[in-house]
Structure formats: C-alpha cells, structure tokens
Amino acid sequence: MRVSGGGKILYFSSCKGGILTYVKILEGYFGKKGWKTENVCGSEGVALPSFLKHCYHFNSPDFIMSLKKKIKDSSLVHLNIPCSYAELFIPKMCEKYKVPTITTFHLALGKGFFSLPSYYGRLIINLQKSCKKFIFVSEYQKRKILGRKHLENSVVIEHGINLKKYRKKKAERFFEGFTLGFLGRLDLEKNIFNLIKACKELKVNLAIAGTGTLYEKVKKAENEHVKVLGFFKDEVYFYNAIDAFILPSYAEACPFSVLEAMACETPIIVSPIVNIEGDFCVKMKGFGKEDIKKAILEMKDRFSEDLGKEARKIAREKYSMERMLKQTEEVYEEALESRI
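So in the working numbering, spot 311 of the sequence shown is number 305, and the numbers just go up one at a time.
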C-alpha cells in the first residue's frame, strides 16, 4: 500500500458465511502488509425472525457505544452489509472522527420478493454520504441496487478465491454414477426443495452439504439418490467428489461456492441471477422444478472433463484472490489519501 502509517483497519461484518470469508481474506492480506486489523462482529444481539436471521441483527446500545473508541483509533473502517442495524450509525461516527469508510454490499438479490434488499441498499447509500467508495460484488447486484442511477464513488470487485487451495485432487465419491453437489446454507432463498424434487424425479444423485434453518426438513428428504451430509469441513474434497455443482438460489450476491467449484475443475449449474457465463456453466431459465430438471439434463448431455478444465481457466483469469486484493488495495489507497 503506497499510503504509509502502519495504522489500523477496522472491519464490521457478520461472524459467518461468505461475508466472514471475504473479511478473513482481507485481514490476512493487509495484516501481512503491516496493518493492524480488527473485525467487529455485528452478529451479536437479537436476530431477525425467520430466514433473515442469519444476516441481520439488532445490537444493544452498549454495543453501539463501544464502537466509538474502536472507530476513533482506526485509520480506515470497512463496512460489510448486511450485518446489523449498527451499520446505520457507524458512518456518522466515522464522519465525526474523520475516519474514511468503505462499504461492500453483500446483499443477496433476486427477483420479486427477493429484490426487496435492493431498497435497503439504496437506503445505505443515501445515509452514507461521506463514504469514500461503495463496492459491489457483481454487476447484477450493482444494477439491482442502483437501477439507472450513476454512482461516481462506486466500483465492482467480484470475489476471488485461493487457486492454490481450490484445485483438482483425488476424492472418494459420494455415489456411483453422475452426481450433483450443493454446498451452502440450507435456508429459504437457496431453493433447495425444488432441487431435491428435480433430482428424485430424474433419479440423479445429489449430495447436500451445509446447515441452516431448513436442515431438519432437508435431512428427512434423504433417499437412495439424496445424501444430506450436514456441516462439511473440507470443501475441496466435496467439490472433487461430485461431477457438477449446482446452485439454484432465488437470490445471491457473488457466491464463493460457485467460484471454488470452478477452481476445482467442477462444471456448474446456476440460477438466472448468478452472473457467470461459459461453456462449463448451464444457466437455468427459471427457478422451478422443471427449470432445474432441464438444466440437469443439459449438463448430463454436455458433461466432459474439458468443461472442468474450462471452469478452472475462467476461475484463474477472472476470479483469482490476487486480482480481488489488488483492486481492494487501490480502493483503500484512494480512501486513505483523502484523509491526509
């Protein structure tokens, strides 16, 4: 980083999921650059009910007050949204202490009901007038939040993954024969039950890894073609034990799971809202059971090792961790220079 100082970067984020993965990558990189880093977990407090409880919390007044000293002692604050209602107050605190802020949107967006978080994104932009840069994690997300509005202090930086960690390796398969895999949170927006129904009707093998609000119901759907594995620690093993990865979600931001699967030379099937294209990728036409069935059959017809090699090539060219870190570092430099 060209801006010197060896100061402190304060992150505000969720304590789990893709947001935490993102922050850990940044903390590791900038920590090695000589910066002190701290991640304040906003996922402490009362969670929203139902399927939104994994992403939004109401913090106590004491928690809000404790942030003041942390912000005052920081050189830069990087907000990761959504997390908790504290993110509505942090920008004003930063403005008071003249600490520059960066905001990354991790809002999972889709169509219909699942487009509602885009209004929250617009609210955040209106409240954070002093934010130095807004980071969107996909072009789709940016379009959904901004519409036709032009936001000068914004940039799209898609997620990047560690290509040395995520790679092709030997793994014992979950099933004999063609096998699909899903790894992620088992919550409403993941569209998991339509996926299970599609695989059962096609008699296609499906391995499901993950936990969430729907885990118990999903577990009861197991049969000779569907295995529910629960929490699965070794994602690399998982991606290498299947033939194709499938993500039929109603809403997403920039899912790490898809990029990780690609890096492991595993072709992908994704819903229409995932912003990835290529011969290695079959994109569903809609979100229903029949849309999923058609996409699965297309992947089975096209499946070959060459698809996996192409997936790895695109992951290397477009979704490397080095590219993401370089772009983020440029944003930090710009924000820190504005404080001098």
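Think of the CB as a built atom: it goes at the ideal place given N, C-alpha and C, for glycine as much as any other residue.
Distance between residue j and residue i (C-alpha atoms, nearest Å)
{"i": "Gly104", "j": "Ile139", "result": "11 Å"}
{"i": "Arg116", "j": "Glu166", "result": "46 Å"}
{"i": "Lys30", "j": "Tyr23", "result": "11 Å"}
{"i": "Lys277", "j": "Ala289", "result": "7 Å"}
{"i": "Ser68", "j": "Gly154", "result": "26 Å"}
{"i": "Lys184", "j": "Gly25", "result": "34 Å"}
{"i": "Lys47", "j": "Asn147", "result": "For Lys47, the predicted structure reports a pLDDT of 46, less than 50, and the residue's modelled location is therefore unreliable. A value from the coordinates is still provided. So the alpha carbons of these two residues sit roughly 30 Å apart."}
{"i": "Ile3", "j": "Ile190", "result": "43 Å"}
{"i": "Ala235", "j": "Leu291", "result": "20 Å"}
{"i": "Phe45", "j": "Lys307", "result": "Confidence at Phe45 is low in this model, with a pLDDT of 45, below 50, so its placement is unreliable and no value can be given for it."}
{"i": "Gln122", "j": "Glu229", "result": "36 Å"}
{"i": "Glu271", "j": "Ala203", "result": "24 Å"}
{"i": "Met343", "j": "Tyr244", "result": "Outside the shown range of the chain (-5 to 334) lies residue 343, about which nothing can therefore be said."}
{"i": "Gly1", "j": "Lys66", "result": "12 Å"}
{"i": "Leu157", "j": "Phe57", "result": "38 Å"}
{"i": "Ile13", "j": "Ser298", "result": "33 Å"}
{"i": "Ser132", "j": "Ser60", "result": "33 Å"}
{"i": "Glu170", "j": "Arg161", "result": "22 Å"}
{"i": "Met(-5)", "j": "Ala329", "result": "Note on Met(-5): pLDDT 49, under 50, position unreliable in the model; no value is reported."}
{"i": "Ile286", "j": "Leu174", "result": "12 Å"}
DSSP three-state assignment for residue i, whether helix, strand or coil
{"i": "Ala247", "result": "coil"}
{"i": "Gly12", "result": "helix"}
{"i": "Glu324", "result": "helix"}
{"i": "Cys125", "result": "coil"}
{"i": "Lys201", "result": "The identity of residue 201 in the sequence shown is Ala, whereas the question assumes Lys. If DSSP states are grouped into helix, strand and coil, Ala201 belongs with the strands."}
{"i": "Gly104", "result": "strand"}
{"i": "Cys88", "result": "helix"}
{"i": "Ala235", "result": "coil"}
{"i": "Tyr209", "result": "helix"}
{"i": "Lys227", "result": "coil"}
{"i": "Asn217", "result": "strand"}
{"i": "Leu182", "result": "helix"}
{"i": "Gly141", "result": "coil"}
{"i": "Phe45", "result": "With a pLDDT of 45 at Phe45, under the threshold of 50, the modelled position of that residue is not reliable, and the figure given next carries that caveat. Reduced to three states, the DSSP call for Phe45 is helix."}
{"i": "Leu73", "result": "strand"}
{"i": "Phe24", "result": "helix"}
{"i": "Val252", "result": "helix"}
{"i": "Ser68", "result": "coil"}
{"i": "Gly0", "result": "coil"}
{"i": "Met(-5)", "result": "Because the pLDDT of Met(-5) is 49, which lies under 50, any placement of that residue in the model is unreliable, and the number read from its coordinates should be weighed accordingly. In this structure, Met(-5) counts as coil in the three-state DSSP scheme."}
{"i": "Val276", "result": "strand"}
{"i": "Val131", "result": "coil"}
{"i": "Leu330", "result": "helix"}
{"i": "Leu241", "result": "strand"}
{"i": "Ile118", "result": "helix"}
Nearest-angstrom beta carbon gap, residue j and residue i [assumed within contact, 8 Å]
{"i": "Leu73", "j": "Phe6", "result": "5 Å"}
{"i": "Leu70", "j": "Val93", "result": "7 Å"}
{"i": "Pro85", "j": "Tyr114", "result": "The pair is not a contact, with the Cβ atoms about 15 Å apart (cut-off 8 Å)."}
{"i": "Glu81", "j": "Gly36", "result": "7 Å"}
{"i": "Tyr134", "j": "Ile267", "result": "6 Å"}
{"i": "Lys62", "j": "Glu32", "result": "At roughly 14 Å, the Cβ-Cβ gap does not stay under 8 Å, so Lys62 and Glu32 are not in contact."}
{"i": "Gly224", "j": "Thr260", "result": "In fact, because the Cβ distance is near 21 Å, the residues do not count as touching under 8 Å."}
{"i": "Ala247", "j": "Leu101", "result": "6 Å"}
{"i": "Val222", "j": "Lys211", "result": "Actually they do not touch by this definition, with Cβ atoms about 10 Å apart."}
{"i": "Phe176", "j": "Leu110", "result": "Their Cβ separation, rounded to whole angstroms, is 24 Å, which puts Phe176 and Leu110 out of contact at 8 Å."}
Nearest neighbour of residue i, chosen from the options [CA to CA]
{"i": "Glu331", "options": "Tyr79, Met59, Lys63 and Lys127", "result": "Lys127"}
{"i": "Asp295", "options": "Tyr244, Ile151, Gly178 and Ala238", "result": "Ala238"}
{"i": "Gly282", "options": "His100, Phe187, Ser132 and Thr98", "result": "Phe187"}
{"i": "Phe99", "options": "Val149, Lys211, Met256 and Leu200", "result": "Val149"}
{"i": "Glu284", "options": "Glu195, Glu210 and Thr260", "result": "Glu195"}
{"i": "Gly178", "options": "Phe172, Lys197, Tyr209 and Gly171", "result": "Tyr209"}
{"i": "Arg310", "options": "Asn269, Ala203, Pro266 and Ala255", "result": "Ala255"}
{"i": "Asn217", "options": "Gly224, Tyr91, Gly206 and Ala201", "result": "Ala201"}
{"i": "Glu324", "options": "Phe52, Lys18, Ile96 and Leu61", "result": "Ile96"}
{"i": "Met293", "options": "Gly106, Phe172, Lys18 and Pro111", "result": "Phe172"}
{"i": "Pro55", "options": "Gly28, Lys66 and Phe83", "result": "Phe83"}
{"i": "Pro249", "options": "Lys279, Lys162 and Tyr313", "result": "Tyr313"}
{"i": "Tyr16", "options": "Thr260, Ala305, Leu253 and Lys213", "result": "Leu253"}
{"i": "Lys90", "options": "Gly106, Ala247 and Cys125", "result": "Cys125"}
{"i": "Leu20", "options": "Arg333, Glu328, Ala329 and Met315", "result": "Met315"}
{"i": "Gly206", "options": "Val198, Val220, Lys213 and Leu180", "result": "Leu180"}
{"i": "Gln321", "options": "Tyr160, Ala257 and Ile151", "result": "Ile151"}
Min CB distance residue i to chain B below 8 Å
{"i": "Phe297", "result": "Protein chain content of the structure displayed is limited to a single chain, and chain B is not contained in it."}
Terminal residues of the beta strand (DSSP E) in which residue i lies
{"i": "Ser54", "result": "No beta strand (DSSP E) holds Ser54; DSSP gives it neither H nor E."}
{"i": "Val34", "result": "Lys30 to Cys35"}
{"i": "Tyr79", "result": "Neither: Tyr79 is in no beta strand (DSSP E) and is coded neither H nor E."}
{"i": "Ile96", "result": "Thr95 to Phe99"}
{"i": "Ser148", "result": "Ser148 to Val150"}
{"i": "Ile262", "result": "Ile262 to Val264"}
{"i": "Phe176", "result": "Thr173 to Leu177"}
First through last residue of the alpha helix (DSSP H) which encompasses residue i
{"i": "Asn188", "result": "Ile186 to Leu196"}
{"i": "Lys283", "result": "Lys283 to Arg296"}
{"i": "Leu301", "result": "Glu299 to Lys312"}
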